[in-house]
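In our numbering, the protein residues as written are 1140 to 1560.
Here is the structure:
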């Protein structure tokens, strides 16, 4: 029986699809070890996977603090969260040298990928959002927004390729990366610039119409659709239903699982509800509860499963995380995205291009500007063919099963190769 190692760090929205992958692989009879931060140990163990720790809960909170989520902070999440996980992940996979193992990992600059390459263990790269795929032909937002239309495309392609190397050089010179680079030197796997992935297969967890593949995307990249995950919360469902029965269909506001500073979203969100005279459900961000007190139009929930809630909502105003974005598409409700960083600006841009909603940058997220945008969005949604079309497509998604089928195909082909050696 083949041993499968899954490596995933991030927020809950990043971990949950990989846990679902682990559950399906276990169901198919594989042995699954899951490397992640201690913060996610309960949900990984509950799924039946062997949990291997590569970081502490303290490191998770340091890497996902209010400061770390500031748009211009490009250091804290990597320095405190991802970098410390490199060595324990590397050592674990090195210990598997010579065994029948297959490695699945989010991203590449992590210990499992480097060790897998060093030990000649096959590696599959998992990609949750299109912005992570380099393209000189079709760069993701916000980079694409900064490129003047008058510049010839061949020059743009040249500059983007050069920028890729420049960013690597800057990364290597930044002081907060010194310990990470020293660790890699000590482990005899120094960081080197690479333009092509060493993965034998790359799996993108989004549909082709959302990814909009560019002609320079990797040839071994397969797209399987959105991995829709939904953890039911019966108490929250009851609370939501009671609120809707009293107030009517709401707008939903959420900052995502990683963001702790919700003051601006909740303050302006309350004003939007009062201006439009529409109820609002505010999800997550417990620190902002007091900002909603005194308004009969506003309800706060620590958590609600969006598959249930969005079917009853008018629209969602959110950060642009992939999981929330996908659930909104499935529900067929319009979305206004307030992107902060990572994949969020690019997801927002794609939603706008597809006619599924719009976006407002955080510094411009003010009720006076946003309330009319939401009113207009709700009006257009009544006759939107795009909302209905893409909702039907996502509702038929079987991303986890499709991904596991691809993984099994790779595993079986590797077994055949080993027999014929």
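From the three backbone atoms N, C-alpha and C, an ideal C-beta is built for every residue, glycine too.
This structure is a prediction, so every number in the text was calculated from the model and none was measured.
Bridge-paired residues (DSSP) for residue i
{"i": "residue 1529", "result": "BP columns for residue 1529 are empty, so no partner."}
{"i": "residue 1343", "result": "1266, 1362"}
{"i": "residue 1243", "result": "1145, 1263"}
{"i": "residue 1390", "result": "1419, 1454"}
{"i": "residue 1476", "result": "1457, 1498"}
{"i": "residue 1439", "result": "1421"}
Under the three-state DSSP convention, the category residue i falls into
{"i": "residue 1497", "result": "strand"}
{"i": "residue 1143", "result": "strand"}
{"i": "residue 1254", "result": "helix"}
{"i": "residue 1349", "result": "helix"}
{"i": "residue 1552", "result": "helix"}
{"i": "residue 1427", "result": "helix"}
{"i": "residue 1172", "result": "strand"}
{"i": "residue 1217", "result": "helix"}
{"i": "residue 1416", "result": "coil"}
{"i": "residue 1328", "result": "coil"}
{"i": "residue 1514", "result": "helix"}
{"i": "residue 1408", "result": "helix"}
Extent of the continuous alpha helix (DSSP H) run through residue i
{"i": "residue 1461", "result": "1461-1470"}
{"i": "residue 1196", "result": "1196-1202"}
{"i": "residue 1192", "result": "No alpha helix (DSSP H) holds residue 1192; the beta strand (DSSP E) holding it covers 1189-1192."}
{"i": "residue 1368", "result": "That residue, residue 1368, is in no alpha helix (DSSP H); it is neither H nor E in DSSP."}
{"i": "residue 1164", "result": "1151-1166"}
{"i": "residue 1205", "result": "First-last for residue 1205: undefined, no H or E at that position."}
{"i": "residue 1308", "result": "1292-1312"}
{"i": "residue 1212", "result": "Note, residue 1212: premise wrong, no alpha helix (DSSP H); not H, not E."}
Where the beta strand (DSSP E) through residue i begins and ends
{"i": "residue 1398", "result": "From DSSP, residue 1398 is part of no beta strand (DSSP E); its letter is neither H nor E."}
{"i": "residue 1455", "result": "1454-1457"}
Whole-Å CB distance - residue i paired with residue j, under 8 Å assumed
{"i": "residue 1280", "j": "residue 1484", "result": "5 Å"}
{"i": "residue 1506", "j": "residue 1358", "result": "About 47 Å; that fails the 8 Å criterion."}
{"i": "residue 1183", "j": "residue 1175", "result": "6 Å"}
{"i": "residue 1473", "j": "residue 1526", "result": "7 Å"}
{"i": "residue 1501", "j": "residue 1479", "result": "6 Å"}
{"i": "residue 1198", "j": "residue 1190", "result": "16 Å between Cβ atoms; not a contact."}
{"i": "residue 1362", "j": "residue 1345", "result": "6 Å"}
Alpha-carbon to alpha-carbon, residue j and residue i
{"i": "residue 1513", "j": "residue 1390", "result": "9 Å"}
{"i": "residue 1265", "j": "residue 1414", "result": "43 Å"}
{"i": "residue 1387", "j": "residue 1443", "result": "17 Å"}
{"i": "residue 1170", "j": "residue 1160", "result": "12 Å"}
{"i": "residue 1321", "j": "residue 1193", "result": "18 Å"}
{"i": "residue 1365", "j": "residue 1351", "result": "14 Å"}
{"i": "residue 1271", "j": "residue 1436", "result": "39 Å"}
{"i": "residue 1556", "j": "residue 1550", "result": "10 Å"}
{"i": "residue 1552", "j": "residue 1338", "result": "15 Å"}
{"i": "residue 1187", "j": "residue 1167", "result": "13 Å"}
{"i": "residue 1534", "j": "residue 1465", "result": "10 Å"}
{"i": "residue 1214", "j": "residue 1222", "result": "10 Å"}
{"i": "residue 1440", "j": "residue 1323", "result": "43 Å"}
{"i": "residue 1447", "j": "residue 1315", "result": "42 Å"}
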